[in-house]
Each structure stands twice: as structure tokens, then as C-alpha cells.
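**Q** So for the sequence shown, the numbering used here puts the first residue at 1088; every next one is plus one.
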Amino acid sequence: MAGAPQRRSLGIIAASLLGLAAAGWILEHSERFSGAASALREQTVPSYLLRYGATGEILRSEGYVEPEWNDGRYRRTKGAGAPTTASVFTKKRQVGETLLRARAFGSDRVDVPLEIAPSEVLPSWPTLAVEVDPASLYDEEVGIIPNWTERWEKPAKCALFLDGEKVFEADCGIRLHGNTTRDGDIMRDRGLTWRSYRLYFRSDYGPEQMPPGLLFDSSSGPIRNLVVRGNSFLCSTIAYTIAQKLGTAAPEVRLVNLVLNGERIKDYVATEHISRRQTASRLGHDNFLFYKLRSPGNREKDRVGFAELRNWVRKRKATSTQRQINRYLDLKAYMRHMFTILHAGASDWGEGAVIMDLNEESPRWRWTHWDMDNAYREPHGEMLLGLTNAEWNQRFLDHALVPPHKADQYPRAELFQTLMNTEWFPTLFAKLSQDILNHEIPPQFLESVQDHYSQLKKVYGTKSGPARLIRQRLEGRPAIIRADLREKLDLGKPLFVSVTGPADVRLRVDSYAYTSGYSGWHFPDWPVVVEVPERELPGFSHWIVNEQRHEGARLELHPEKATQVEAIYEQ
1088 MAGAPQRRSL GIIAASLLGL AAAGWILEHS ERFSGAASAL REQTVPSYLL RYGATGEILR
1148 SEGYVEPEWN DGRYRRTKGA GAPTTASVFT KKRQVGETLL RARAFGSDRV DVPLEIAPSE
1208 VLPSWPTLAV EVDPASLYDE EVGIIPNWTE RWEKPAKCAL FLDGEKVFEA DCGIRLHGNT
1268 TRDGDIMRDR GLTWRSYRLY FRSDYGPEQM PPGLLFDSSS GPIRNLVVRG NSFLCSTIAY
1328 TIAQKLGTAA PEVRLVNLVL NGERIKDYVA TEHISRRQTA SRLGHDNFLF YKLRSPGNRE
1388 KDRVGFAELR NWVRKRKATS TQRQINRYLD LKAYMRHMFT ILHAGASDWG EGAVIMDLNE
1448 ESPRWRWTHW DMDNAYREPH GEMLLGLTNA EWNQRFLDHA LVPPHKADQY PRAELFQTLM
1508 NTEWFPTLFA KLSQDILNHE IPPQFLESVQ DHYSQLKKVY GTKSGPARLI RQRLEGRPAI
1568 IRADLREKLD LGKPLFVSVT GPADVRLRVD SYAYTSGYSG WHFPDWPVVV EVPERELPGF
1628 SHWIVNEQRH EGARLELHPE KATQVEAIYE Q
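(1) Taking 7 Å as the threshold (C-beta atoms), are His1372 and Val1314 in contact?
(2) If you measure between the beta carbons of Leu1582 and Leu1561, is that distance less than 7 Å?
(3) So, helix, strand or coil for Trp1457, using DSSP?
(4) I need the DSSP call for Glu1534, collapsed to helix, strand or coil.
(5) Suppose you measure from the CA of Arg1275 to the CA of Gln1504; what does that come to, to the nearest Å?
(6) Indicate, with yes or no, if the ligand PLP has a heavy atom lying under 6 Å from the CB of Thr1358.
(7) Helix or strand or just coil, what does DSSP make of Ser1382?
(8) Please determine, among Arg1316, Gly1432 and Tyr1656, the residue with the shortest C-alpha to C-alpha distance to Leu1624.
(9) Going by Cα to Cα distance, which pick from Gly1230, Pro1213, Pro1383 and Leu1209 is closest to Val1219?
(10) How many Å lie between Ala1173 and Ile1557 at the Cα?
(11) Please state the DSSP three-state secondary structure of Trp1613.
(12) For Asn1633, which residues from the same chain have a beta carbon less than 7 Å from its beta carbon, with the 5 sequence-adjacent residues on both sides left out?
(13) Between Leu1333 and Met1422, is the Cβ-Cβ spacing less than 7 Å?
(14) In angstroms, rounded to a whole number, what distance separates the CA positions of His1629 and Arg1641?
(15) Figure out for me which residue from Pro1233, Arg1414, Leu1488 and Gly1251 has the closest Cα to the Cα of Trp1452.
(16) If Phe1255 sits next to Met1297, beta carbons under 8 Å apart, how far is it from one beta carbon to the other, in whole angstroms?
(17) What is the DSSP secondary structure of Leu1519, reduced to helix, strand or coil?
(18) For the putative contact between Thr1682 and Glu1339, defined by C-beta atoms under 8 Å, what is the C-beta separation to the nearest angstrom?
(19) Can you tell me which of the three DSSP states Leu1279 falls into?
(20) How big is the Cα-Cα spacing for Gly1193 and Leu1201?
(21) Just how far apart, CA to CA, sit Ala1431 and Glu1465?
(22) Hey, would you say Thr1455 sits closer than 7 Å to Gly1439, going by beta carbons?
(23) Who are the Cβ neighbours of His1486 in its own chain at under 6 Å, not counting the five residues just before and after it?
(24) From which residue to which residue does the beta strand (DSSP E) around Thr1214 run?
(25) Mind checking which residues open and close the beta strand (DSSP E) that includes Ser1585?
(26) Rounded to a whole number of angstroms, what is the C-alpha to C-alpha distance between Met1536 and Ser1148?
(27) Between which two residues does the alpha helix (DSSP H) harbouring Trp1399 extend?
(28) Give the straight-line distance between the Cα atoms of Leu1137 and Met1443, rounded to the nearest whole angstrom.
(29) Just tell me which of Phe1627, Arg1622, Ala1600 and Gly1626 has its CA closest to the CA of Val1616.
(30) Given that a residue counts as buried once 16 or more other Cβ atoms are within 10 Å of its Cβ, and exposed if not, what is Gln1658?
(31) Using DSSP's beta-bridge definition, name the partner residues of Thr1358.
(32) Going by CA-CA distance only, name the one from Asp1250, Pro1221, Thr1408 and Pro1242 that's closest to Leu1215.
(33) For the putative contact between Arg1289 and Gly1260, defined by C-beta atoms under 8 Å, what is the C-beta separation to the nearest angstrom?
(34) If you run the structure through DSSP and keep just helix, strand and coil, what is Val1652?
(35) To the nearest angstrom, how far is it from the Cα of Ser1134 to the Cα of Thr1475?
(36) Starting from the Cα of Leu1418, find the closest Cα among Gly1626, Val1592, Phe1516 and Tyr1378 and give me that residue.
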């Protein structure tokens, strides 16, 4: 008798299971479900079939519908109310932050070569096509966008098209990139539906890297981690372009046309991801220290190295010599790195990485730029340091000032302030700044950079409001920098100097080569050196400086007024 209740319970369970199975069979073969299954294979789908509820749950569990991101084109409907745009809701139905759409049935997309419609390809733009299971992006339980607080990586496939031709295709991993732009709450409040992504090339998926010379210059090496960002692309792109022109470490950058699951999203910018893995690809080995600011993923060895660097910076004094500084960090690279930041007015000192290549005979620290989306823009909050925007925009050297409570994490800014109190550094940095403004990023270069990106934006159809603001800032920076250097360092008034010669002759000004003439602004505190290179000496006669004749192939000028120099050659 003791076993009777147990047998009765088992009987009840068995009967229940049979009842559920029968109910499922009846439901599956019911007219309503059959209609749903059939309709979902058609081009249009009655919207009621996609609602949550018993039918909706079954449709999802059986794989008849899949999630799709609400990109802002589809308005919200509630309950049984008619949708605002009826034609849209014959195919899609909004549920929360995502849409449900009829699943496309056919061959497995992973096994099919990735192709895109010719209409999605743009002239002059590289097209990066990415395919990923919509559930991996948008599903409320497993999608990386709704679950933005997680650091999930999902399998995907990507292809690169140049001039309409596919030059690379690979399986890869995809995850969200960024802090603010991954935050669903912030992006929703701003009315933004795009996201930034990071692609990983790993042997688990396929090729371990994108070959060099496809998306970026071949000198950057193969790409293992690729970031495609949708925010502030023009600010950061121009800042990186200037940094690379100055020879300071910065990620490679290129504007791309992102096509996600067959649909063009918007204009994006592709960059190398500054990471230990990508740095190893650049250096060609793994024997280096790599510390990324504000990153929780730094190795213990790298954290120790950064702590030593920070302590070293704190011990520097106004009596520190150039040799002492250059022994521990690459001073030339550091000054160019700092100029790039100060020129851009980039207020976020918490970005970037610092690297020491241990394979070098005398390893030294070098900083790498990263995430310069604050470049050539007005900061906000405490980074303004209590200044008005107008006051902020007139600064150069003082851009190295940071809120005191943040100085602990910003040793490069702290070091700059210390070095500005030495006898030797201010003059060295001011002379470098003059050379950079005159010879390396003169107005002609900055104009060409802006024109290049403005033309690309025009092809894409992007609004040009930010471009106009950046153009104004870039045009005004040289005069602001010269005025700040003169005031802070008690320099003389800068004077205009021009150099001309025959069109086919290459001359040198301050060791920089010119074939089409030169003009720039020079502080009278340093000489202007004009030379005729040895191979250009045949036929050279003399110089004319402000209507006065001067002999010799090398001319050292100490201007006291605007100066015009002309190289005279015999006919």
C-alpha cells in the first residue's frame, strides 16, 4: 500500500505529458498555427502573428521568427491599436527595443560566400560587409546589444570590398566597442540606434589576421583586431591623420561604408584596436610591456611597469636633464605625442596606451594615441577646469593641465608640467612646435586633409556641420599656438618669411625640402637656415634677401622684419 501514492503520482505525470503532447500536436495542426507557419514563409506577414503570447512564444521557440534591431524607422504600437505605419507592420512587429520578423529560410548563410548588392557599394569608400546571426545582435536573452553590460563575443563573417571587388573574406568574432556608445540607456536617450563594433580574427574562426596593405598602409602590419566606430569619426580621423604625419604612434584609420546583414548602416571609421594582441602584430614579437589606460585587462607585469613609470614621473624635478629624461622614455616621440594632443585640445587624458619594446638595446617608454574623439571639440564638465569655452579655445600649453585628483592616472600630463619648469625643455618644445606648424602640418596640408574627408562625406551624403566647425578650429590653431608660446616663454614677435627659386629646383629650409616655394612664421629667437643641396648647386649664383645680394649656398638668417628670400640661378 505504501507504493500506491507513488504509482498514482507517476500515472498523473505520464497522463499530463501525454496530454501536453496531444495538445501540442493539435495546436501544430490547427488552422491558426498552420496559417501562421505558412504566412511566415511569405513576403508579408499579418502583424498579429508576431505578437507575444502563446502563439508568439511558439513561433519564436520553433524558429519561425527572428529578432531585428529597431533602427528608428518603425514606430511603437500598443496592444490591439492600429500601427502608425501599416505597410511596415505587415512584415514586422515591435517587441520592446527589438522587432520580430519572419525568418528567412534557405541555405545556411555561414556556408555561403558573403556578397552584397552593388547598390550598397560606394565610390572612393572601402565597404566592410558583416554578417551575423540577428539573434546574436538583438535577442533579449543572448544578443550583445540588449545585453550591453556583458562583454560577449559572437561568431560572424566579414568581407572587404575595394572598388567593388571583394579582396578579403573571413569568419571572425564580433562584440560591442566603446563605453558610452555601448550603453543602451544613453544611446536611447540620445535617439541613436547605431553601435560601434570590434572584429576579432582568430584561428578559432578562420584566419588569424587581415593581411597588411588591404584596408590600411602595409607598414602597419596585419590586422588582428579591427574597430569600426560610428561616433565622432571626423574629429578622431583628422587627429589620427595629423599624428601619423608627425610620426607619432597612432592607430591606422580609414573611413568605411559598413553594411551589416545586407543593409548599409552609416558612415563609420575603421581603426586598429590598440591592444596587446594588435601591438604584437605591429612589433612582430611578444616581448614588450603594454599598459592601456582605464583598462581592467592589463597584465600584472604591465601594471607593475606602469606603476614604476608613474613613480619615476613623480620624482622628476626642475633640475632634471634632457639626458636623464631621454634615458627612460623616448623624448623625441614624447614631445611629438604631446604636441598632437595640445594642438587638438584633446581633453581626455585617460585614453591611450604606453609601450616599452623590451627587444630594443635600451628599452624606453613610448605613448600611443587612442580614442581621440574629443579632438578639436569643446570639452564639458570638470575638464573645462572652470574656464569658459572661449578661454579654453585660446590655450595651447595649458591643455596639459588636468584636474588634480586625476593626475595619478595621467603621468604624461604631469611630466609635461614638470618639464616646462626646466631650463631646457620649453625652448626645445617651442622650436619643435614652430617647425611642425611651418614645415610638417602647414595650412596647405591641413586644408588637403579636410578637403579629402569632406569630399568623402559628400559622396556618402553626410551632413557637413562638424566639418565646418573643425575647419574653423584648424585654421585658427597656428596663430593661437604662436601667441601662447610667445606669452608663456617671452619670445619675440613672429615674422613672416618666404623662400622662392626656380620651379625645378629643390631648396632646403630648416632642413626641410621644398620645390614649390615656402612661407611660414618664425620667432626671431632662432635663425632661419636656407640651403641649396649639393645636387642643386650647378647653375646656382646667389641669394636675394629683401633686395640685398648674399653669397654662399647656405644662408643663416636672423630676421628683424618680414623677409623674402629668392635663390638666383644663371640662365
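All residues carry an ideal CB built from backbone N, CA and C; glycine is no exception.
**A** Concretely, from the data shown:
(1) What you label residue 1314 is simply residue 227 of the sequence shown in a count that begins at 1. What you label residue 1372 is simply residue 285 of the sequence shown in a count that begins at 1. In this structure, His1372 does not lie closer than 7 Å to Val1314 by Cβ.
(2) Translated into the one-based positions of the sequence shown, residue 1582 becomes position 495. Translated into the one-based positions of the sequence shown, residue 1561 becomes position 474. Their beta carbons are not under 7 Å apart, which means Leu1582 does not touch Leu1561 by this criterion.
(3) As a first step, residue 1457 must be located in the sequence shown, where it is residue number 370. Three-state DSSP puts Trp1457 in coil, outside helix and strand.
(4) For the purposes of this step, residue 1534 is taken as the residue at position 447 of the sequence shown. For Glu1534, the secondary structure class from DSSP, reduced to helix, strand or coil, is helix.
(5) Position 188 of the sequence shown, counted from the start, is the residue given in the question as residue 1275. Position 417 of the sequence shown, counted from the start, is the residue given in the question as residue 1504. Using only the alpha carbons, I get a separation of about 40 Å.
(6) You won't find the ligand PLP in this model; it holds no ligand whatsoever.
(7) Here residue 1382 is taken as the residue at index 295 of the sequence shown, counted from 1. Correct three-state label for Ser1382: coil.
(8) As a working mapping, residue 1624 is identified with position 537 in the sequence shown. Closest by alpha carbon: Tyr1656.
(9) Here residue 1219 corresponds to residue number 132 of the sequence shown, with the count starting at 1. The residue with the shortest Cα to Cα distance from Val1219 is Gly1230.
(10) Against the sequence shown, residue 1173 aligns to sequence position 86. Against the sequence shown, residue 1557 aligns to sequence position 470. Per-residue confidence for Ala1173 stands at a pLDDT of 36, beneath the threshold of 50, marking its modelled position as unreliable; the derived number appears in the next sentence. Approximately 42 Å between the Cα atoms of the pair.
(11) As a position in the sequence shown, residue 1613 is number 526, starting the count at 1. Reduced to three states, the DSSP call for Trp1613 is coil.
(12) By 1-based counting over the sequence shown, the position of residue 1633 is 546. Counting only Cβ-Cβ distances below 7 Å, and skipping sequence neighbours, we find Thr1650 and Gln1651.
(13) Looking up residue 1333 in the sequence shown gives position 246. Looking up residue 1422 in the sequence shown gives position 335. Taking 7 Å as the Cβ cut-off, Leu1333 and Met1422 do not qualify as a contacting pair.
(14) Counting from one through the sequence shown, the residue named residue 1629 turns up at place 542. Counting from one through the sequence shown, the residue named residue 1641 turns up at place 554. Their backbone Cα atoms lie some 10 Å apart in a straight line.
(15) Translated into positions along the sequence shown, residue 1452 becomes position 365. That would be Arg1414, whose Cα lies nearest to the Cα of Trp1452.
(16) One-based indexing of the sequence shown puts residue 1255 at position 168. One-based indexing of the sequence shown puts residue 1297 at position 210. Confirmed, about 6 Å.
(17) Residue 1519 sits at position 432 when you count from the first residue of the sequence shown. Helix at Leu1519.
(18) With the chain covering only 1088 through 1658, there is no way to say anything about residue 1682.
(19) Residue 1279 sits at position 192 when you count from the first residue of the sequence shown. Of the three classes helix, strand and coil, the one that applies to Leu1279 here is coil, per DSSP.
(20) The count along the sequence shown starts at 1 and reaches residue 1193 at position 106. The count along the sequence shown starts at 1 and reaches residue 1201 at position 114. Note that Gly1193 scores a pLDDT of 46, beneath 50, so its modelled location is shaky; the value from the coordinates is reported in the next line. If you take the alpha carbons of Gly1193 and Leu1201, they lie about 15 Å apart.
(21) In the sequence shown, the residue the question calls residue 1431 occupies position 344. In the sequence shown, the residue the question calls residue 1465 occupies position 378. Distance between the alpha carbons of Ala1431 and Glu1465 is about 10 Å.
(22) Within the sequence shown, residue 1455 is the residue found at index 368, counting from 1. Within the sequence shown, residue 1439 is the residue found at index 352, counting from 1. Cβ distance < 7 Å, so Thr1455 and Gly1439 count as in contact.
(23) Sequence index remark: in the sequence shown, residue 1486 carries index 399 (1-based). The residues are Leu1429 and Gly1432.
(24) Within the sequence shown, residue 1214 is the residue found at index 127, counting from 1. From DSSP, the beta strand (DSSP E) with Thr1214 extends over Thr1214 to Glu1218.
(25) Position 498 of the sequence shown, counted from the start, is the residue given in the question as residue 1585. Its beta strand (DSSP E) spans residues Leu1582 to Thr1587.
(26) As a position in the sequence shown, residue 1536 is number 449, starting the count at 1. As a position in the sequence shown, residue 1148 is number 61, starting the count at 1. Reading off the sequence shown, one finds Val at residue 1536, where the question assumed Met. Rounded to whole angstroms, Val1536 to Ser1148 spans 52 Å at the Cα level.
(27) Start at 1 with the first residue of the sequence shown, and residue 1399 comes out as number 312. Run containing Trp1399: Glu1387 to Arg1401, per the alpha helix (DSSP H) assignment.
(28) For the purposes of this step, residue 1137 is identified with residue 50 of the sequence shown, where counting begins at 1. For the purposes of this step, residue 1443 is identified with residue 356 of the sequence shown, where counting begins at 1. The predicted model places Leu1137 with a pLDDT of 45, which falls under 50 and marks its position as unreliable, so this point remains unresolved.
(29) Against the sequence shown, residue 1616 aligns to sequence position 529. The candidate whose alpha carbon is nearest that of Val1616 is Ala1600.
(30) For the purposes of this step, residue 1658 is taken as residue 571 along the sequence shown, with counting starting at 1. Exposed: under 16 other Cβ atoms inside 10 Å.
(31) Translated into the one-based positions of the sequence shown, residue 1358 becomes position 271. According to DSSP, Thr1358 bridges with Val1314 and Val1340.
(32) Your numbering for residue 1215 matches position 128 in the sequence shown. If we check each option's Cα against that of Leu1215, Asp1250 comes out closest.
(33) Taking the sequence shown and counting its residues from 1, one reaches residue 1289 at position 202. Taking the sequence shown and counting its residues from 1, one reaches residue 1260 at position 173. Between Gly1260 and Arg1289 the Cβ distance is about 6 Å, and since that is below 8 Å, they are a contact.
(34) For the purposes of this step, residue 1652 is identified with residue 565 of the sequence shown, where counting begins at 1. Note: Val1652 maps to strand in three-state DSSP.
(35) The residue you call residue 1134 lines up with position 47 of the sequence shown. The residue you call residue 1475 lines up with position 388 of the sequence shown. The predicted position of Ser1134 is uncertain, since its pLDDT is 42 and thus under 50; a value taken from the coordinates is nonetheless stated next. If you take the alpha carbons of Ser1134 and Thr1475, they lie about 53 Å apart.
(36) Residue 1418 sits at position 331 when you count from the first residue of the sequence shown. Among Gly1626, Val1592, Phe1516 and Tyr1378, the Cα nearest to that of Leu1418 belongs to Phe1516.
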